[in-house]
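Right, one structure below, let's go through it.
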Amino acid sequence: MAEHRQDIKWKYADPAMAAGSAEVIRILLENGYEAYWVGGCVRDEYMGRNVSDMDITTSALPEATSSIFERVIPTGIKHGTVTVMMNGQPFEVTTYRVEEGYEDHRRPSRVTFVREIEEDLRRRDFTMNAMALGIDGTWVDPFDGRKDIDLRLIRCVGEARLRFREDALRMVRCIRFASVFGFSIAKATWTGMLEERDTLSWVAMERIRSELDKMMSGPDPLRGLELLKGSGLHSRMKIPFPYKGHEQAIMQAIPEVPSERLDIRWALLLFGCGIKAAEADMLLREWTFSNRRRELILGLLAFQETWFGEERGRDPEADRLAWVRLVIERGADAAENWLLMQEAISPVDSPAQTFQVDEARKWLREMEVRELKDLGVSGNELLKVMDRRGGPWVGEVLNHLLLQCAAGFLVNDKQVLIEEAKRVMNNEVR
Ligand code: ATP
Ligand code: MG
1 MAEHRQDIKW KYADPAMAAG SAEVIRILLE NGYEAYWVGG CVRDEYMGRN VSDMDITTSA
61 LPEATSSIFE RVIPTGIKHG TVTVMMNGQP FEVTTYRVEE GYEDHRRPSR VTFVREIEED
121 LRRRDFTMNA MALGIDGTWV DPFDGRKDID LRLIRCVGEA RLRFREDALR MVRCIRFASV
181 FGFSIAKATW TGMLEERDTL SWVAMERIRS ELDKMMSGPD PLRGLELLKG SGLHSRMKIP
241 FPYKGHEQAI MQAIPEVPSE RLDIRWALLL FGCGIKAAEA DMLLREWTFS NRRRELILGL
301 LAFQETWFGE ERGRDPEADR LAWVRLVIER GADAAENWLL MQEAISPVDS PAQTFQVDEA
361 RKWLREMEVR ELKDLGVSGN ELLKVMDRRG GPWVGEVLNH LLLQCAAGFL VNDKQVLIEE
421 AKRVMNNEVR
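In terms of this note's numbering, the sequence shown is residues 1 to 430.
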């Protein structure tokens, strides 16, 4: 076997990941098979974007790949994918294959392994995703993916209408890529999308949500939203997207939120669409958001509704107490996130203008206690000193103490708290 002295150097991939995947390819070649890097990693390297994972495509059948490498996980062996562990890192290695039988506009019912890499590339969605790169730097780019990247164009491999009919998720992927990369959509691809848009209702919301997450955390989510609306896809999802347009100041704030705070962006989107917390709860469940993310987003909406549900800015002390109550009710994390959200809204004209973010930040900092576990006395201790049977009063008294401490009316000291508890229980008013 020839030595590959001139292995290509990856500029945008982690060196250890590049070396590990090169080793997998090298071993496959040494065993007489073909193997290439393929898909997203090749595209991202060409575009000068950070490469997040490196997939390999090979002529070796999954059984062959499994027998060649020591540590192999049969991830999706039926579809030809195994995960090869190399130097402690996982790499997906997939046999050249084609997919058939897309009766329901989503997953293929059959996959068939094929001999030629070009056939494998042909089943991929867009020209920029249908390229492979060899270890010596050879490009396999039969659909001119590099040319389309240079033209900043998203173009289906083959006839758009057929490709979207096979798997309707590709339409959302198309918009996601256009939004994240700032690319245009080739005319025939766009037309094909309009013709096939009704098939989107077949696609599981989980797959759509995952694409939308990528779009929402990208540099230009508003363009993605406009494309969704412009194509009509937003109203054709299994659970439609209640997006009407992004003129409102709230929508303009979305890209102002750092992209790592994806869920704040989602909260702004829901808020900007005029969706109330109760309705958002249903929607987020149906869109398959995890409980953790749903609660975070709902916390932000609840903050928003409660805070702006009353007139603010007239009586600072009343505002401060309302704020403290809200922080205790919803948690300090929700408060921090909500402040970040307000900072994004403030530069643009909005009702939030009246609200002083700096002031609230100061109030939050000044809160010595924020939750029950910060309190200098516990429910059990109260039970002991009060010499009463347990009951709802324990929680009520603890909450009262928490609020008093958080607002700075009481010192967080066991004796002081117990005194106050006794006073409250004896119905003494301070
Ligand atoms: P990302 O950068 O978000 O990972 P990606 O293009 O790598 O984008 P993946 O879901 O990781 O997306 O898919 C890897 C490759 O598999 C794609 O580059 C493309 O070649 C192919 N692919 C993925 N999804 C589809 C699809 N629905 N239809 C056809 N080909 C697809
Ligand atoms: Mg990928």
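Each residue gets a CB set at the ideal place from its N, CA and C atoms; glycine is no exception.
Run through the DSSP bridge pairs and tell me what residue i is partnered with.
i	result
M386	For M386, which the question treats as bridged, DSSP gives no partner whatsoever.
Y36	T57
P74	According to DSSP, P74 bridges with nothing at all.
A132	V38 and V140
I185	I154
V93	I56 and V82
T112	V98
Should residue i go down as buried or exposed, given a rule of 16 or more other Cβ atoms within 10 Å for buried?
i	result
L151	exposed
M282	exposed
R370	buried
D198	exposed
R115	exposed
A188	exposed
Q415	exposed
S231	buried
D104	exposed
G388	Note on residue identity: the sequence assigns Arg, not Gly, to residue 388. The residue is exposed, with fewer than 16 neighbouring Cβ atoms inside 10 Å.
L401	buried
Measure the CB-CB distance between residue i and residue j and report whether it falls below 7 Å.
i	j	result
I154	I185	yes
F91	I135	no
T65	V38	no
M17	M54	yes
A277	E295	no
L301	A322	no
T127	F113	no
G272	M251	yes
W338	I297	no
A130	V157	yes
Less than 6 Å separating the Cβ of residue i from some heavy atom of the ligand ATP?
i	result
L212	no
L169	yes
D125	yes
N50	no
N87	no
N129	yes
Compute every distance between the C-beta of residue i and the non-hydrogen atoms of the ligand MG, then say whether any falls below 6 Å.
i	result
G40	yes
Report all residues from its chain with a CB closer than 6 Å to the CB of residue i; omit the five preceding and five following residues, and keep chain order.
i	result
L364	A335
M1	Annotation note: pLDDT 47 at M1 (below 50); position unreliable, no value reported.
I8	G137
V429	Reliability fails at V429, whose pLDDT of 47 lies under 50, so the model's placement of it is uncertain and the value that follows must be treated cautiously. Counting only Cβ-Cβ distances below 6 Å, and skipping sequence neighbours, we find nothing.
Go through its chain and collect everything with a Cβ distance to residue i's Cβ below 8 Å, but skip five positions before and after it.
i	result
I68	I27, L28, N31 and A60
V111	K78, H79, G80, R97, V98, E99 and E100
P240	H234
R165	Y102, H105, E196 and T199
I418	V377, E381, L382 and V385
Hey, is residue i close to the ligand MN, as in C-beta under 6 Å from one of its heavy atoms?
i	result
N31	The ligand MN is not part of this structure, which contains only the ligand ATP and the ligand MG.
Which same chain residues end up closer than 7 Å to residue i when comparing Cβ atoms and leaving out the 5 residues on each side of it in sequence?
i	result
F183	R152, L153, I154 and F177
D148	T127, M128 and R155
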